[in-house]
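See structure below.
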């Protein structure tokens, strides 16, 4: 997806986080993760706007996003409803 991993200044472990970022983005296509030259940002769309999370390191951002998944599994994913009909 990203080809050659770029080195992010001040973040030597960036390349180790690339597969983790790709997996998160594949599982949460609505969540946008971007690099802003000194920090990382995730934008999570919601019904009444969006949630923006910023961290200096990609690892810290992914840690936060994964923690939110555990609290609110529907973040950035399509919500489905199962109905059970009984006679």
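Residue numbers (our numbering): 411 to 497.
Note that CB positions come from ideal geometry on N, CA and C, so glycine has one too.
Computed from a predicted structure; not experimentally measured.
Looking at the DSSP output, residue 427 sits in no beta bridge, so it has no partner there. Take residue 461, set aside five residues on each side of it, and the residues of its chain with a beta-carbon closer than 6 Å to its own are 454, in chain order. From the listed residues 447, 434, 450, the smallest Cα separation to residue 477 is found for 434. Distances from the CA of residue 457 to each of 423, 440, 466 were compared; the closest alpha carbon is that of 440. Annotation for residue 467: no beta strand (DSSP E) segment contains it, and DSSP assigns it neither H nor E.
Nearest in C-alpha terms to residue 471, of all of 449, 481, 429, 436, is 449. In this structure, residue 427 lies near residue 469, with their beta-carbon atoms less than 8 Å apart.
A residue is called buried once 16 or more other Cβ atoms fall within 10 Å of its Cβ, and residue 436, having fewer, is exposed.
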